[in-house]
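Residue numbers (the numbering used here): 24 to 727.
Backbone N, C-alpha and C fix where the C-beta goes; we use that ideal spot for every residue, glycine too.
To start, the structure itself, in structure tokens.
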């Protein structure tokens with residue numbers, strides 16, 4: 024995802040000393056063009072996202088140059104520094120946020136509104152990067168649609184940098200207050216130390232947790248810091264060298280950026296070592312400056328179109344992502360049509376960017392230092408914050424109120440173990456006379472949040488990076504007549520709403536032993552890919568540890584039944600996995616515990632959109648979100664092992680007849696949306712499976 028700096032994105036802030044740096048204008052134009060092309064046509068410029076890194080270096084260079092000229096030595100100095108940032112950044116950003124919220128309302132279904140409201144608030148508070156880290160490492164959000172506010176991550180990184188950087192510079196100023204001649208060298212030492220520490224941390228995080236490395240401020244600060252280091256070198260040694268050397272350096276820098284766009288791709292570990300190519304290339308261009316001569320880039324950099332793009336680069340960055348993310352899918356269907364819409368969006372983006380720059384950004388820049396500046400900052404900050412947070416809160420409130428109303432209807436229809444006729448899975452019973460055109464009881468926006476706690480990482484689902492085994496209990500926890508253990512991964516976890524309804528009715532206690540990614544086996548099953556930056560080797564070791572703890576807890580826990588279900592993560596492992604699960608079943612039955620294996624449920628993994636999004640887009644024809652048993656029902660080696668077992672304690676049940684007919688797997692059954700994402704039941708639909716699962720459980724225990 025792309026990013027954009029603050030100071031480097033305002034046309035008057037490329038001034039160092041009293042001279043306007045047109046080379047920086049041109050560099051900003053190149054960087055924002057890289058990001059825009061990448062977002063519009065990712066395959067054309069696979070490494071275009073490194074334009075963010077270019078902006079980071081420029082911003083560090085410019086902000087440090089400013090602090091060298093106006094070092095913060097008092098409270099007033101700090102407040103003036105931050106006031107300038109507020110005046111020049113916040114109003115334009117707030118306008119873009121409000122415009123994006125309007126686009127969301129116009130182009131997206133209610134299923135996306137809650138997410139948009141959350142990200143709008145995070146962007147206004149400049150913590151979007153941390154929210155994205157949480158989402159990237161959240162099991163249920165990892166495959167979600169991107170947020171229209173996602174591009175604010177880089178602005179969040181920069182704002183956090185601007186909060187910290189004056190203090191670091193201030194430390195150097197304070198340390199040399201009696202020896203001012205050493206001030207610049209002290210500043211340089213502090214900046215270099217900060218850059219080295221951040222770079223080292225970024226390297227570590229790139230390999231240990233890539234999503235966090237990409238968005239985390241501490242892993243990115245070095246890119247701004249090296250720009251600051253160059254600014255201090257220029258302050259210490261103003262000379263740039265001979266014109267021909269600078270010209271060569273300029274060409275080398277642009278070649279480095281061009282190579283970055285080609286050699287670096289989305290699969291490259293980033294930032295890591297790879298980020299050195301675009302950042303060092305940017306340093307070369309900044310040091311080269313604007314050399315004159317026959318074979319220099321001066322004429323190109325001074326070209327009016329290039330300078331104009333540099334002028335509007337901040338606004339272009341703010342608006343390009345929501346436009347390209349939201350508009351083409353709403354207006355076009357098919358690659359050719361979407362390409363035409365994207366081409367038409369470019370002049371729209373140019374006009375919006377020009378209006379924002381000329382009529383919003385530029386007038387606010389012309390402020391004097393002192394009290395009027397601080398007052399202007401307050402006037403800019405307070406209304407902008409109130410408007411964006413207010414709009415986000417209002418949108419959030421609307422969705423929550425709608426969802427509360429839906430929840431009340433669901434609770435009334437599914438009270439007890441058996442839902443009312445034709446509600447949810449009951450509509451799939453043999454002989455059920457249900458209206459196929461009955462309206463949906465649940466809504467896409469409700470389904471988005473209708474998620475069992477047992478499949479939520481950090482609650483009842485163990486998820487990488489793993490810690491201690493987490494287990495949750497449901498049902499009658501005071502005087503249960505018997506205890507049931509739930510064993511598996513998230514596909515066991517999403518059955519718990521049904522199990523909880525059964526447990527409350529029968530006065531049972533249900534305990535969960537759900538570990539995402541891992542298979543509930545006594546022998547290791549290979550993990551196909553790293554998760555959250557955790558290597559497959561580490562996951563395998565953790566899986567062995569956690570599954571052993573699961574089996575220890577179950578075999579010593581006085582359970583009357585184990586309900587086991589799992590999603591096989593690697594279809595090629597059918598035969599070996601079946602053999603491994605046979606050992607699992609043997610371990611449980613040797614302890615005298617009956618086992619009910621629930622066949623893995625269908626999963627719409629072949630769709631490009633999750634079910635709530637698909638239904639929101641196709642509200643007039645929900646059948647467009649249906650699937651077929653051939654594509655949605657996967658192999659299940661655990662069920663295969665149960666079929667081959669000759670133990671009287673091993674039982675199995677297939678609930679898929681309540682999810683699919685012979686020809687279709689509906690996205691909506693009995694008015695209830697089936698899936699909360701790509702493969703997990705909504706809590707509401709899971710609850711409607713209770714009578715059928717409960718019947719199988721009672722049969723398994725009585726037969727054992």
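The beta carbon of residue 601 sits closer than 6 Å to those of 660, 663, 664, all from its chain and outside the five residues before and after it, given in chain order.
The beta carbon of residue 269 sits closer than 7 Å to the beta carbons of 263, 311, 312, 314 from its chain, once the five residues preceding and following it are set aside; these are given in chain order. Here residue 202 has no same chain residue with a Cβ atom under 7 Å from its own Cβ, once five neighbours each way along the sequence are excluded. Relative to residue 322, the option among 718, 46, 506 whose CA is nearest is 46. Residue 227 and residue 327 have their alpha carbons spaced roughly 43 Å apart. Residue 448 places its beta carbon 9 Å or farther from that of residue 650.
Residue 705 sits away from residue 713, with the two beta carbons spaced by 9 Å or more. Annotation: the segment 289-339 contains the following complete segments of the alpha helix (DSSP H) (minimum length 4 residues), in chain order: 299-311, 321-325, 327-334.
Nearest to residue 238 by alpha-carbon distance, out of 156, 218, 297, is 156. The beta carbon of residue 426 sits closer than 7 Å to the beta carbons of 468, 469, 472 from its chain, once the five residues preceding and following it are set aside; these are given in chain order.
Inclusion of residue 422 and residue 133 in the CB contact set at 9 Å is warranted, their separation being smaller than that value. If you ignore the 5 residues before and after residue 562, its C-beta comes within less than 7 Å of the C-beta of 487, 540, 550, 554, all in its own chain and listed in chain order. Within the model, the alpha-carbon separation for residue 207 versus residue 222 is close to 22 Å.
Under DSSP, the beta-bridge partners assigned to residue 650 are 688. Per DSSP, the unbroken alpha helix (DSSP H) holding residue 257 starts and ends at 240-259. Going by C-alpha positions, residue 623 is about 55 Å away from residue 215. Looking at the DSSP output, residue 621 shares a beta bridge with 676.
When secondary structure is reduced to three states using DSSP, residue 48 falls in the helix class. Inside the segment 489-532, DSSP marks whole alpha helix (DSSP H) runs of 4 or more residues at positions 513-516, 519-529, from first to last along the chain. Between the segment 276-284 and the segment 107-118, the count of C-beta pairs closer than 8 Å stays below three; the two stretches do not touch.
If you compare the alpha carbons of 172, 632, 116 with that of residue 143, the shortest gap goes to 172.
Between the beta-carbon of residue 500 and that of residue 542 there is about 29 Å, and that puts the pair past the 8 Å contact cut.
Taking a C-beta distance under 9 Å as the contact criterion, residue 711 and residue 476 do not qualify as a contact pair.
Cα atoms of residue 191 and residue 94: separation of roughly 11 Å, rounded to the nearest angstrom.
In the displayed model, residue 149 falls within coil according to three-state DSSP, outside both helix and strand. For residue 387, the CB contacts under 8 Å within the same chain, skipping 5 residues up- and downstream, are 110, 111, 114, 399, 403 in chain order. Around the beta-carbon of residue 116, 16 or more other beta-carbon atoms lie within 10 Å, marking it buried.
By the 16-neighbour rule on beta-carbons within 10 angstroms, residue 717 is buried. Residue 44 counts as buried, since no fewer than 16 other beta carbons sit within 10 angstroms of its beta carbon.
Check the Cα spacing between residue 588 and each of 338, 675, 292: the tightest is with 675. DSSP lists 538 as the beta-bridge partner residues of residue 485.
With contacts defined by Cβ atoms closer than 9 Å, residue 545 and residue 578 do not form a contacting pair.
No beta strand (DSSP E) of 3 residues or more sits fully in the segment 190-238. In this structure, the alpha-carbon of residue 677 lies about 35 Å from that of residue 169. Taking C-beta separations shorter than 6 Å and ignoring five residues to either side along the sequence, the partners of residue 149 in its chain run 179, 182, following chain order.
Taking all protein chains in view, the Cβ of residue 459 is surrounded by fewer than 16 other Cβ atoms within 10 Å, so the residue is classified as exposed.
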